[in-house]
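Numbering (the working numbering), first residue to last: 8 to 214. No residue lacks a Cβ here, since even glycine has one placed at the ideal position from N, Cα and C. Treat the numbers as computed from the prediction; the structure is a model and nothing was measured.
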Amino acid sequence: MNMMTGFLFRICEWIFRLVYVQMLWITFTLLGLILFGFFPSTIAMFTVVRKWMMDEIDPPIYSTFWTSYKKELVKGNAIGVLLVLSGIIIYFDYQFLVGNTASFASFSKYPLFLVLMLLGLTCIYVIPTYVHYDLKLYQIIKNAFLFMVLNPLNTIFIVIGLILIYIIAILLPPLAFFLGGSAAALIIMGLCYRSFISIEQKKSRSI
Numbered sequence: 008m009n010m011m012t013g014f015l016f017r018i019c020e021w022i023f024r025l026v027y028v029q030m031l032w033i034t035f036t037l038l039g040l041i042l043f044g045f046f047p048s049t050i051a052m053f054t055v056v057r058k059w060m061m062d063e064i065d066p067p068i069y070s071t072f073w074t075s076y077k078k079e080l081v082k083g084n085a086i087g088v089l090l091v092l093s094g095i096i097i098y099f100d101y102q103f104l105v106g107n108t109a110s111f112a113s114f115s116k117y118p119l120f121l122v123l124m125l126l127g128l129t130c131i132y133v134i135p136t137y138v139h140y141d142l143k144l145y146q147i148i149k150n151a152f153l154f155m156v157l158n159p160l161n162t163i164f165i166v167i168g169l170i171l172i173y174i175i176a177i178l179l180p181p182l183a184f185f186l187g188g189s190a191a192a193l194i195i196m197g198l199c200y201r202s203f204i205s206i207e208q209k210k211s212r213s214i
C-alpha cells in the first residue's frame, strides 16, 4: 500500500512539474510577443528539464526558468532566426522545384527534400545541445547534426514520441495545452541527454 501511495505521489508530482513548466513556457513566450519569446522560453524550459535529467534534487523551477530566459533573450533568438530562415529558404526552394516541370528541377526536389528533413531532425537536437554544452553558434549546429546522425535509434524514438504527442493533441486538445510542450521537452531532452552521456563516456574510455 505504501509503495502504491508513493508511486501515485511521484506521478502527481511529475504531472505538476510538467504543467508548471508548460505554463511558464506559454507565459514567457507571450511576454516576448511570441516572435521574440518563443526560443528563449523554449531554451529555459529545456534548461529546467535538463536539471531533472541530471538528478538535481528539486531545482527551483521558476528561478531557473527566469534566469535562463533573461540570459538567452539575444543568443536564443539568434539561433531561432537562423533555423527559421534556413527552413523557410529550403522550403520555398522545394516548392519552386515541385512546381517546375523541367527534368533537372524535378530530379533536384528529392535531394532538397532530404536536406529539409535533415534540417528538421537537426533542429530537434539544437536546443538540447545548446543547454548542455557551452559552444559557439556554428559549433552548436554542427554538433546537433552529428548527434542526430550518430544516434539514429534515439532520433527514431524522439520522432515517435513527438508523433504520439501530436495524436494526443488532436484527440485531447486541453491535455496538449497543459502538457504538450513540456512533455515533448521531457522526451527530447531525456533521449538527447542519454546520447550526450553515452558519447562522453566513450570519449573518456578512448583517452
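Where residue 61 is concerned, there is no enclosing alpha helix (DSSP H), because DSSP gives it neither an H nor an E.
The C-beta of residue 146 has fewer than 16 other C-beta atoms within 10 Å across all chains shown, which makes the residue exposed.
Counting only runs of 4 or more residues that sit fully inside the stretch 65-105, the alpha helix (DSSP H) segments are 68-78, in chain order. One Cα belongs to residue 40, the other to residue 46, and the distance between them is close to 11 angstroms. For a cut-off of 8 angstroms, the C-beta gap from residue 129 to residue 103 is around 22 angstroms, too long to register as a contact. A buried status is given to residue 55, since no fewer than 16 other beta-carbon atoms sit within 10 Å of its beta-carbon. Closest option to residue 133, judged by alpha-carbon separation, among 29, 185, 150: 150.
By the CB criterion at 7 angstroms, residue 52 and residue 32 fall inside the cutoff. In this structure residue 25 is in contact with residue 193, their Cβ atoms being roughly 7 angstroms apart against a cut-off of 8 angstroms. Nearest neighbour of residue 49 by Cα position, chosen from 99, 94, 136, 121, turns out to be 136. Contact between residue 126 and residue 97 holds: their C-beta atoms lie close to 6 angstroms from each other, under 8 angstroms. Considering only 203, 209, 182, the residue with the shortest C-alpha distance to residue 61 is 203. Straight through space, the alpha carbons of residue 208 and residue 191 are spaced by roughly 26 angstroms. Of the other Cβ atoms in all chains shown, 16 or more fall within 10 Å of the Cβ of residue 199; this residue is therefore buried.
Take the alpha-carbon of residue 197 and the one of residue 189: they are about 12 angstroms apart. Spatial neighbours of residue 80 in its own chain (CB-CB distance under 8 angstroms, excluding positions within 5 residues in sequence) are listed in chain order as 39, 43, 47.
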